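Numbering (the working numbering), first residue to last: -17 to 285. This report concerns only the one structure given below.
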Amino acid sequence: MVSHDDERGAPATTPPPDDAGAAADRATAGDPAAFRVTAGDPLPLGATVERDAVNFSVFTQHGTAVDLLFFDRVDDAYPSRTFRLDPGHHRTFNYWHVRVHGARAGQIYGYRVFGPSDPARGHRFDPTKVLVDPYAKAIVYGDAYSRVAASGPGDNAASAMKGLVTDHADFDWDGVEPPRVPASRRVIYEMHVRGFTRHPSSGVAHPGTFAGVVEKIPYLKALGVTTVQLLPVFQFDENEVDNRDPVTNKRLTNYWGYSPLGFFAPHRGYYIEDWRAMRHLTGFRDMVRELHRAGLEVILDVV
């Protein structure tokens, strides 16, 4: 196993040497509070908080080497830690994995993946790019975020979306179970989380958010609704649209939430918490719990 920090956390442009005979345990150097690295497990995918560690796992079939990157701030140009994964200890089939002891919820992270650059065969590996974990349970980005930098030449660490380690263990469902409404009785209300309460006439304290939906539960019950169907609630890029309003010339945004970036990360724009508090991700689960408590089913649009 190989784990290292290069001088400024700058990306390496060549993959690490195969070192299958190295020790499976090794502390990272250069920091009194160094992390300790062990092989980790291939499943579950994503970042999983454990008692004194976080297990990271990502899938790549054609990748030849993987770097796990830790960042202190979301818009840092260089990672504070780079963990290079040796395929001899950190790969199981097509899963690359590592357990980082000392890591905890709230850690910002991303990946660099080495591999062939052969667009004709669908291979576009570029280790200068920071990649977001597709199984991240929270996705964060700063004011410098740039879609252009993600697809253009050169390093994009400062402007990349990144994953945020979150901890699910302490959420209290209060014993609430999902209701089971017979299909013959089902009355479905399809809604957009933001659109449902964004107008002042909604009368909610937190318009356009998961919390705003909770505030409107009495309204839904009064309508006779049994089931809430939510348009995409997964993290998406509001600025992916290049079109402009033909009258005002104002740049349009992706309002509906289709083309999600991560199917396991609720859209941060629907939370009332600042993203730095999202390590516990209670807003979405609070909404689901309260809808279920009121006897309302929840269906998610997955597109």
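No residue lacks a Cβ here, since even glycine has one placed at the ideal position from N, Cα and C. Here the structure is a predicted model, which is why all the values come from computation and not from measurement.
If you draw a straight line from the alpha carbon of A29 to that of P98, how long is it in whole angstroms? 26 Å
Assign G291 to one of three DSSP states: helix, strand, or coil. The first residue shown for the chain is -17 and the last is 285, placing residue 291 beyond what the model contains.
By Cβ distance, which residues of its chain are closer than 8 Å to Q43, with the 5 residues on each side in sequence left out? N76
For V56, which residues in the same chain have their Cβ closer than 7 Å to its Cβ, ignoring the five residues on either side in sequence? I90, V122, Y123, G124 and K144
Counting pairs of beta carbons, one from the region 206 to 216 and one from the region 226 to 236, are three or more of them closer than 8 Å? no
Three-state secondary structure assigned by DSSP to L205: helix
Beta-carbon within less than 6 Å of G45's beta-carbon, same chain only, minus the 5 sequence neighbours each way: which residues are those? V95 and G97
Proximal residues to V41 (C-beta, below 7 Å), its chain only, five neighbours per side dropped: Before going further, note that residue 41 is Phe rather than Val in the sequence given. Excluding sequence neighbours, F41 sits near L27, N76 and Y77.
Between V95 and chain C, is the shortest Cβ-Cβ distance under 8 Å, so that the two count as touching? The structure shown has no chain C; it contains just one protein chain.
Does the region 135 to 143 come into contact with the region 57 to 64, if we say contact requires no fewer than three beta-carbon pairs (one atom in each stretch) closer than 8 Å? yes
Exposure of Y253, with buried meaning 16 or more beta-carbon neighbours within 10 Å: buried
Could you name the residues of the same chain whose beta carbon sits closer than 8 Å to that of I281, not counting the 5 residues immediately before and after it, in chain order? I170, T209, V210, Q211 and L212
Would you mind reading off the limits of the beta strand (DSSP E) that contains R55? Looking at the DSSP string, R55 is not in any beta strand (DSSP E), and its letter there is neither H nor E.
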